[in-house]
Amino acid sequence: GQSLEQPSEVTAVEGAIVQINCTYQTSGFYGLSWYQQHDGGAPTFLSYNALDGLEETGRFSSFLSRSDSYGYLLLQELQMKDSASYFCAVLRSGGYQKVTFGTGTKLQVIP
Amino acid sequence: DTAVSQTPKYLVTQMGNDKSIKCEQNLGHDTMYWYKQDSKKFLKIMFSYNNKELIINETVPNRFSPKSPDKAHLNLHINSLELGDSAVYFCASSRGANQPQHFGDGTRLSIL
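Those sequence lines, one after another, are chains A and B.
The opening residue of the first sequence carries number 159 in this note's numbering; numbering runs sequentially from there.
The opening residue of the second sequence carries number 21 in this note's numbering; numbering runs sequentially from there.
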């Protein structure tokens with residue numbers, strides 16, 4: 159079967175850096191995505207890693223290690239508006255790719 | 021201007037009823053999805069359509085049936101609603117199966 163693990167909650171200070179980890183177990187791994195969801199809102203796409211290494215998009219970066227079945231989302235210069243839930247999602251191959259979302263990490267940014 | 025729009029935004033109905041949720045995307049994407057998000061925020065994929073063909077059918081009850089009249093629309097019909105169906109249902113679309121997904125604002129379904 160498949161499983162994804164990420165911390166349920168993280169608290170960080172405004173202006174700081176926070177890392178949200180995601181470990182996965184799956185067959186046919188294709189890639190790892192990250193989504194942000196504010197309370198009452200819709201998930202929005204942040205980043206996608208198919209290859210090992212770091213992808214940077216502004217204040218957000220995402221890392222993948224396929225050999226360790228591990229990835230993380232790095233948020234820099236935290237702002238209050240970054241308070242939200244962050245989901246990692248595994249894409250699996252097999253005919254057409256399938257996607258499984260993690261249970262989400264609720265990030266609270268405090269002043 | 022809305023990329024992925026779904027209606028209604030809120031749906032309150034009684035157990036046993038049949039209801040539909042509509043979804044439309046104007047992004048020209050080839051793949052559309054339906055997700056269920058429960059009270060614990062767990063986001064589970066229910067269906068995926070690519071060029072009007074069902075390509076993923078997760079283990080959901082057959083009371084749920086997706087219907088796609090064309091590439092831009094994927095509607096969700098639910099028969100004999102049960103209390104456990106209460107959740108937020110999200111429609112999403114992507115250019116391809118491994119491309120970023122764009123989500124609608126969700127439909128909050130409450131069963132009385």
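The C-beta atom is built at its ideal place from N, Cα and C for all residues, glycine as well.
For residue i, the three-state DSSP class (helix, strand or coil)
{"i": "Met161/B", "result": "Outside the displayed span of chain B (21 to 132) sits residue 161/B, for which this structure offers no information."}
{"i": "Leu11/B", "result": "Shown here, chain B extends from 21 to 132; a query on residue 11/B therefore has no answer."}
{"i": "Asp90/B", "result": "strand"}
{"i": "Gln61/B", "result": "For the sequence presented, residue 61/B should be read as Lys rather than Gln. Three-state DSSP puts Lys61/B in coil, outside helix and strand."}
{"i": "Glu78/B", "result": "coil"}
{"i": "Asn99/B", "result": "coil"}
{"i": "Thr184/A", "result": "coil"}
{"i": "Gln177/A", "result": "strand"}
{"i": "Gln266/A", "result": "strand"}
{"i": "Met85/B", "result": "One point to set straight first is that residue 85/B is Ser, not Met, in the sequence displayed. Strand at Ser85/B."}
{"i": "Ser166/A", "result": "coil"}
Strand pairing of residue i, partner residues [DSSP]
{"i": "Lys29/B", "result": "BP columns for Lys29/B are empty, so no partner."}
{"i": "Glu172/A", "result": "Paired residue(s): none; Glu172/A is not in a bridge."}
{"i": "Leu129/B", "result": "Leu31/B, Ala107/B"}
{"i": "Ser114/B", "result": "Thr51/B"}
{"i": "Ala247/A", "result": "Ser191/A, Phe259/A"}
{"i": "Asn70/B", "result": "Thr51/B, Glu73/B"}
{"i": "Ser161/A", "result": "Gln183/A"}
Contact set for residue i: own chain, Cβ-Cβ below 6 Å, skip 5 residues either direction
{"i": "Leu63/B", "result": "Tyr55, Gln57"}
{"i": "Ala247/A", "result": "Ser191, Val257, Phe259"}
{"i": "Ser220/A", "result": "Trp192, Ser205, Asn207, Glu213, Leu231"}
{"i": "Gly262/A", "result": "Ser243, Phe245"}
{"i": "Lys42/B", "result": "Thr27, Asn95"}
{"i": "Arg224/A", "result": "Asp210"}
Same chain, Cβ closer than 8 Å to residue i, five either side skipped, listed in chain order
{"i": "Gly126/B", "result": "Gln26, Lys29, Gln57, Val108, Tyr109, Phe110"}
Spatial neighbours of residue i in its chain, beta-carbon cut-off 7 Å, leaving aside the 5 residues before and after
{"i": "Leu103/B", "result": "Met35, Ile131"}
{"i": "Ser106/B", "result": "Leu129, Ser130, Ile131"}
> When you check each C-beta in the segment 58-92 of chain B against every C-beta of chain A, which residues fall closer than 9 Å?
Replying inline: Lys60, Lys61, Phe62, Leu63, Lys64, Ile65, Ser68, Asn70, Ile75, Ile76, Glu78
> Between the segment 35-55 of chain B and chain A, which residues of the former have CB atoms less than 7 Å from a CB of the latter, in chain order?
Replying inline: none
> Going along the segment 203-229 of chain A in order, which residues come within less than 8 Å of chain B, judged by CB to CB distance?
Replying inline: Phe203, Tyr206, Ala208
> Residue ranges of each beta strand (DSSP E) run of no fewer than 3 residues wholly in the segment 193-245 of chain A, ordered along the chain?
Replying inline: 202-207, 211-215, 218-223, 228-233
>> Please identify, using Cβ separations under 7 Å, the residues of the segment 177-189 of chain A that lie next to chain B, in order along the chain.
In response: Tyr188, Gly189
> Along the segment 105-118 of chain B, what residues have a CB closer than 7 Å to any CB found in chain A?
Replying inline: Phe110, Ala117, Asn118
>> For the segment 241-252 of chain A, list every residue whose C-beta sits within 7 Å of some C-beta in chain B, in sequence order.
In response: Ser243, Phe245, Leu249
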